[in-house]
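In this note's numbering, the protein residues as written are 10 to 114.
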């Protein structure tokens, strides 16, 4: 990879069913492979056949993954000009008046 400074880029976070993937892309849509990470997480399987995930755990993993790619890109990425976020299906989480999750995912 060309190690010159990239003037503008995008950070993209994909919250999937088995991992959180965070990457930095150039404005042409090319992933910058040295600035990408995938952090696995767990799904809680219930006896009734349903599955859920801990929203606080996912939030923590998202924050960690962003911190890691930003740290790896320090000195090579000048400006993050956009953020993309994707998650599994149509996922809703109930929150209280303080913004804290009160339901599982």
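The beta carbon of each residue, even a glycine, is placed where N, CA and C say it ideally should be. All figures in this text were calculated on a predicted structure; none of them were measured in a lab.
Beta-carbon proximity check, residue i vs residue j, cutoff 8 Å
i	j	result
residue 89	residue 19	yes
residue 111	residue 62	no
Whole-number beta carbon distance between residue j and residue i, since they are thought to touch under 8 Å
i	j	result
residue 97	residue 25	6 Å
Identity of the residue in the options nearest residue i by Cα
i	options	result
residue 33	63, 112, 76 and 111	76
residue 43	95, 83 and 106	83
residue 45	28, 51 and 65	28
residue 31	107, 67, 106 and 109	67
Interface flag, residue i vs chain D, CB-CB below 8 Å
i	result
residue 93	Going by chain labels, chain D is absent from the structure shown, which holds only one protein chain.
Residues that residue i bridges to, as DSSP identifies them
i	result
residue 109	Answer is none; residue 109 lacks a bridge partner.
residue 64	Residue 64 pairs with nothing; no bridge assigned.
residue 23	30 and 95
residue 88	17
residue 35	18
Checklist entry - Per the contact definition of three or more C-beta pairs closer than 8 Å, is the region 83-97 in contact with the region 15-35? => result yes
Next on the checklist: Between the region 68-82 and the region 53-60, can you find at least three pairs of beta-carbon atoms closer than 8 Å?
Outcome noted: no
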